[in-house]
Amino acid sequence: RPPPARPTPSPPVLTVHPTALLDAACAVCCIVLLVTSVSQRLVASQQSAPVAAAASVTAPPTAGRMIQARWWRGQGQGVGETGGTSTLLAPSPLQQHLPGPVAEAVVACVLASSLSSLFYKLTGGGARPTANAAPAVEAAARLARLEALTDKQLAEFAVAVRQVDKLQVRTRITSGDLKRPIAQLQSASADQAAVLSRLATEVEALRGHLRDTQQLLGALQALTAKQFQVTVDAIKQLRASQAALQ
2 RPPPARPTPS PPVLTVHPTA LLDAACAVCC IVLLVTSVSQ RLVASQQSAP
52 VAAAASVTAP PTAGRMIQAR WWRGQGQGVG ETGGTSTLLA PSPLQQHLPG
102 PVAEAVVACV LASSLSSLFY KLTGGGARPT ANAAPAVEAA ARLARLEALT
152 DKQLAEFAVA VRQVDKLQVR TRITSGDLKR PIAQLQSASA DQAAVLSRLA
202 TEVEALRGHL RDTQQLLGAL QALTAKQFQV TVDAIKQLRA SQAALQ
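Under our numbering, think of the first position of the sequence shown as 2, with each following residue one higher.
In C-alpha coordinates form, the structure reads like this:
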(Lines of atoms letter the chains of each structure in order from A and count residues from 1; the text may use other names and numbers.)
(Lines give C-alpha, C1' and ligand atoms only; values in the text may rest on other atoms or scores of the structure.)
Protein backbone atom coordinates (compact mmCIF):
# COMPACT_ATOMS: atom_id res chain seq x y z
CA ARG A 1 0.00 0.00 0.00
CA PRO A 2 1.52 3.39 -0.94
CA PRO A 3 2.28 5.74 2.00
CA PRO A 4 -0.08 8.71 2.57
CA ALA A 5 0.95 12.05 1.07
CA ARG A 6 2.30 14.55 3.56
CA PRO A 7 1.19 18.23 3.57
CA THR A 8 3.63 20.72 2.12
CA PRO A 9 5.01 23.34 4.56
CA SER A 10 3.42 26.81 4.33
CA PRO A 11 5.68 29.76 3.34
CA PRO A 12 6.88 32.05 6.16
CA VAL A 13 4.72 35.12 6.92
CA LEU A 14 6.41 38.55 6.86
CA THR A 15 5.48 40.72 9.87
CA VAL A 16 5.91 44.43 10.52
CA HIS A 17 8.34 45.53 13.22
CA PRO A 18 6.42 46.74 16.33
CA THR A 19 8.51 49.92 16.69
CA ALA A 20 7.57 50.92 13.13
CA LEU A 21 3.97 51.35 14.29
CA LEU A 22 5.21 53.48 17.20
CA ASP A 23 7.26 55.65 14.82
CA ALA A 24 4.25 56.07 12.54
CA ALA A 25 2.05 57.13 15.48
CA CYS A 26 4.70 59.61 16.67
CA ALA A 27 5.03 61.07 13.16
CA VAL A 28 1.24 61.48 12.88
CA CYS A 29 1.12 63.24 16.27
CA CYS A 30 3.94 65.60 15.25
CA ILE A 31 2.20 66.41 11.97
CA VAL A 32 -1.05 67.13 13.84
CA LEU A 33 0.79 69.39 16.29
CA LEU A 34 2.52 71.30 13.49
CA VAL A 35 -0.73 71.71 11.52
CA THR A 36 -2.53 72.88 14.67
CA SER A 37 0.25 75.39 15.46
CA VAL A 38 0.24 76.78 11.92
CA SER A 39 -3.55 77.12 11.92
CA GLN A 40 -3.48 78.86 15.31
CA ARG A 41 -0.79 81.26 14.09
CA LEU A 42 -2.88 82.06 11.01
CA VAL A 43 -5.96 82.71 13.15
CA ALA A 44 -3.89 84.84 15.57
CA SER A 45 -2.42 86.86 12.74
CA GLN A 46 -5.91 87.44 11.33
CA GLN A 47 -7.16 88.58 14.76
CA SER A 48 -4.16 90.86 15.43
CA ALA A 49 -4.33 92.54 12.00
CA PRO A 50 -7.24 94.95 12.88
CA VAL A 51 -5.62 95.89 16.20
CA ALA A 52 -2.28 96.66 14.53
CA ALA A 53 -4.09 98.70 11.85
CA ALA A 54 -5.93 100.77 14.47
CA ALA A 55 -2.72 101.35 16.40
CA SER A 56 -0.90 102.48 13.26
CA VAL A 57 -3.71 105.01 12.51
CA THR A 58 -3.88 106.66 15.99
CA ALA A 59 -0.17 106.57 16.84
CA PRO A 60 2.69 108.40 15.14
CA PRO A 61 5.17 106.47 13.00
CA THR A 62 7.76 106.15 15.75
CA ALA A 63 5.20 104.82 18.16
CA GLY A 64 4.08 102.23 15.56
CA ARG A 65 7.63 100.94 15.24
CA MET A 66 7.92 100.73 19.02
CA ILE A 67 4.61 98.88 19.18
CA GLN A 68 5.79 96.34 16.62
CA ALA A 69 9.15 95.88 18.41
CA ARG A 70 7.45 95.39 21.77
CA TRP A 71 4.98 93.03 20.14
CA TRP A 72 7.69 90.73 18.89
CA ARG A 73 9.74 91.02 22.08
CA GLY A 74 6.84 90.34 24.36
CA GLN A 75 5.67 87.25 22.36
CA GLY A 76 2.12 88.33 21.89
CA GLN A 77 1.95 91.53 23.96
CA GLY A 78 1.39 94.75 21.96
CA VAL A 79 1.80 98.38 23.01
CA GLY A 80 -0.51 101.03 21.51
CA GLU A 81 -0.57 104.79 21.89
CA THR A 82 -3.70 106.91 21.80
CA GLY A 83 -3.50 110.65 22.12
CA GLY A 84 0.25 110.63 22.91
CA THR A 85 -0.07 108.21 25.88
CA SER A 86 1.13 104.62 25.50
CA THR A 87 -1.25 101.82 26.57
CA LEU A 88 -0.49 98.07 26.80
CA LEU A 89 -2.60 96.04 24.39
CA ALA A 90 -3.89 92.87 26.10
CA PRO A 91 -3.21 89.75 24.08
CA SER A 92 -6.05 87.47 23.10
CA PRO A 93 -6.44 84.02 24.75
CA LEU A 94 -5.52 82.34 21.45
CA GLN A 95 -2.25 84.28 21.31
CA GLN A 96 -1.39 83.28 24.88
CA HIS A 97 -1.59 79.54 24.06
CA LEU A 98 0.44 79.66 20.85
CA PRO A 99 3.60 77.47 20.94
CA GLY A 100 6.91 79.25 20.53
CA PRO A 101 9.42 78.73 17.73
CA VAL A 102 11.52 76.47 19.98
CA ALA A 103 8.60 74.07 20.55
CA GLU A 104 7.85 73.99 16.85
CA ALA A 105 11.53 73.28 16.09
CA VAL A 106 11.52 70.41 18.62
CA VAL A 107 8.33 68.99 17.10
CA ALA A 108 9.87 69.29 13.61
CA CYS A 109 13.03 67.46 14.78
CA VAL A 110 10.95 64.68 16.37
CA LEU A 111 8.90 64.43 13.16
CA ALA A 112 12.05 64.16 11.02
CA SER A 113 13.52 61.52 13.35
CA SER A 114 10.29 59.49 13.36
CA LEU A 115 9.95 59.66 9.57
CA SER A 116 13.59 58.66 9.03
CA SER A 117 13.28 55.74 11.49
CA LEU A 118 10.01 54.65 9.88
CA PHE A 119 11.52 54.86 6.38
CA TYR A 120 14.57 52.84 7.50
CA LYS A 121 12.44 50.15 9.10
CA LEU A 122 10.14 49.95 6.09
CA THR A 123 13.03 49.73 3.59
CA GLY A 124 16.14 48.39 5.32
CA GLY A 125 14.28 46.68 8.12
CA GLY A 126 11.74 45.27 5.67
CA ALA A 127 14.48 43.37 3.93
CA ARG A 128 15.37 41.65 7.18
CA PRO A 129 12.35 39.35 7.18
CA THR A 130 13.30 38.28 3.69
CA ALA A 131 16.90 37.70 4.77
CA ASN A 132 15.69 35.93 7.88
CA ALA A 133 13.18 34.00 5.79
CA ALA A 134 15.96 32.67 3.54
CA PRO A 135 17.12 30.09 6.15
CA ALA A 136 13.48 29.18 6.78
CA VAL A 137 12.92 28.64 3.05
CA GLU A 138 16.12 26.60 2.85
CA ALA A 139 15.05 24.55 5.87
CA ALA A 140 11.62 23.99 4.28
CA ALA A 141 13.28 22.86 1.04
CA ARG A 142 15.58 20.55 2.99
CA LEU A 143 12.60 19.17 4.90
CA ALA A 144 10.79 18.59 1.60
CA ARG A 145 13.84 16.74 0.26
CA LEU A 146 13.98 14.63 3.43
CA GLU A 147 10.27 13.84 3.10
CA ALA A 148 10.76 12.83 -0.54
CA LEU A 149 13.72 10.64 0.46
CA THR A 150 11.66 9.12 3.28
CA ASP A 151 8.79 8.38 0.90
CA LYS A 152 11.24 6.76 -1.54
CA GLN A 153 12.71 4.63 1.24
CA LEU A 154 9.23 3.65 2.40
CA ALA A 155 8.35 2.59 -1.15
CA GLU A 156 11.57 0.56 -1.38
CA PHE A 157 10.83 -0.98 2.03
CA ALA A 158 7.33 -1.94 0.86
CA VAL A 159 8.82 -3.59 -2.25
CA ALA A 160 11.35 -5.44 -0.06
CA VAL A 161 8.54 -6.62 2.25
CA ARG A 162 6.61 -7.99 -0.73
CA GLN A 163 9.72 -9.78 -1.97
CA VAL A 164 10.27 -11.27 1.50
CA ASP A 165 6.66 -12.49 1.54
CA LYS A 166 7.18 -14.14 -1.85
CA LEU A 167 10.39 -15.76 -0.61
CA GLN A 168 8.58 -17.07 2.46
CA VAL A 169 5.90 -18.63 0.27
CA ARG A 170 8.55 -20.21 -1.95
CA THR A 171 10.39 -21.46 1.13
CA ARG A 172 7.25 -23.13 2.47
CA ILE A 173 6.58 -24.75 -0.90
CA THR A 174 10.19 -25.91 -1.26
CA SER A 175 10.30 -27.23 2.30
CA GLY A 176 7.09 -29.20 1.64
CA ASP A 177 8.66 -30.67 -1.49
CA LEU A 178 11.89 -31.54 0.31
CA LYS A 179 10.32 -33.18 3.34
CA ARG A 180 9.94 -36.60 1.68
CA PRO A 181 13.49 -36.78 0.24
CA ILE A 182 14.87 -35.60 3.54
CA ALA A 183 12.89 -38.29 5.39
CA GLN A 184 14.16 -40.89 2.92
CA LEU A 185 17.71 -39.71 3.38
CA GLN A 186 17.27 -39.82 7.14
CA SER A 187 15.96 -43.41 7.00
CA ALA A 188 18.74 -44.39 4.59
CA SER A 189 21.31 -42.81 6.83
CA ALA A 190 19.84 -44.74 9.77
CA ASP A 191 20.15 -47.98 7.79
CA GLN A 192 23.66 -47.06 6.78
CA ALA A 193 24.50 -46.36 10.40
CA ALA A 194 23.22 -49.81 11.38
CA VAL A 195 25.25 -51.41 8.58
CA LEU A 196 28.31 -49.45 9.59
CA SER A 197 27.92 -50.53 13.22
CA ARG A 198 27.54 -54.15 12.14
CA LEU A 199 30.61 -53.85 9.91
CA ALA A 200 32.53 -52.32 12.78
CA THR A 201 31.56 -55.27 14.98
CA GLU A 202 32.63 -57.74 12.31
CA VAL A 203 35.91 -55.92 11.78
CA GLU A 204 36.57 -56.09 15.50
CA ALA A 205 35.81 -59.83 15.49
CA LEU A 206 38.13 -60.35 12.53
CA ARG A 207 40.84 -58.48 14.35
CA GLY A 208 40.38 -60.90 17.28
CA HIS A 209 40.67 -63.88 14.95
CA LEU A 210 43.74 -62.35 13.37
CA ARG A 211 45.37 -61.96 16.75
CA ASP A 212 44.57 -65.57 17.64
CA THR A 213 45.95 -66.75 14.29
CA GLN A 214 49.11 -64.76 14.81
CA GLN A 215 49.55 -66.29 18.27
CA LEU A 216 49.00 -69.77 16.81
CA LEU A 217 51.53 -69.15 14.06
CA GLY A 218 54.03 -67.95 16.66
CA ALA A 219 53.52 -71.14 18.68
CA LEU A 220 53.87 -73.30 15.59
CA GLN A 221 57.07 -71.50 14.62
CA ALA A 222 58.48 -72.09 18.13
CA LEU A 223 57.52 -75.77 17.96
CA THR A 224 59.07 -76.14 14.51
CA ALA A 225 62.26 -74.53 15.75
CA LYS A 226 62.41 -77.00 18.67
CA GLN A 227 61.77 -79.96 16.37
CA PHE A 228 64.46 -78.78 14.00
CA GLN A 229 66.88 -78.44 16.91
CA VAL A 230 66.04 -81.97 18.11
CA THR A 231 66.54 -83.31 14.59
CA VAL A 232 69.91 -81.60 14.30
CA ASP A 233 71.00 -83.02 17.66
CA ALA A 234 69.89 -86.52 16.63
CA ILE A 235 71.81 -86.28 13.37
CA LYS A 236 74.91 -85.18 15.21
CA GLN A 237 74.63 -88.09 17.66
CA LEU A 238 74.08 -90.52 14.80
CA ARG A 239 77.16 -89.31 12.99
CA ALA A 240 79.17 -89.44 16.15
CA SER A 241 78.11 -93.06 16.80
CA GLN A 242 78.90 -94.08 13.22
CA ALA A 243 82.30 -92.50 13.48
CA ALA A 244 82.95 -94.40 16.71
CA LEU A 245 81.98 -97.73 15.15
CA GLN A 246 84.29 -97.26 12.26
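Glycine is no exception: its CB is placed at the ideal position from the N, C-alpha and C atoms.
With a cutoff of 9 Å on beta-carbon distance, leucine 116 and alanine 28 are scored as near each other. CA-to-CA, the gap between glutamine 185 and arginine 208 works out to about 34 Å. With a contact defined as Cβ atoms closer than 8 Å, cysteine 31 and leucine 150 miss out at about 57 Å. Each residue's CA atom was taken as its position, placing alanine 140 and alanine 109 some 46 Å apart.
Spanning the alpha carbons of leucine 23 and serine 118 requires a straight line of approximately 10 Å. Within the segment 136–174, there are no complete alpha helix (DSSP H) runs of at least 4 residues.
Residue state for glutamine 247 is assigned as coil, using DSSP reduced to three classes. Within the same chain, and ignoring the five residues on either side of glutamate 205 in sequence, no residue has its Cβ closer than 7 Å to its Cβ. When the alpha-carbon of phenylalanine 120 is set against those of Asp166, Gln154 and Ala25, the nearest one is in Ala25.
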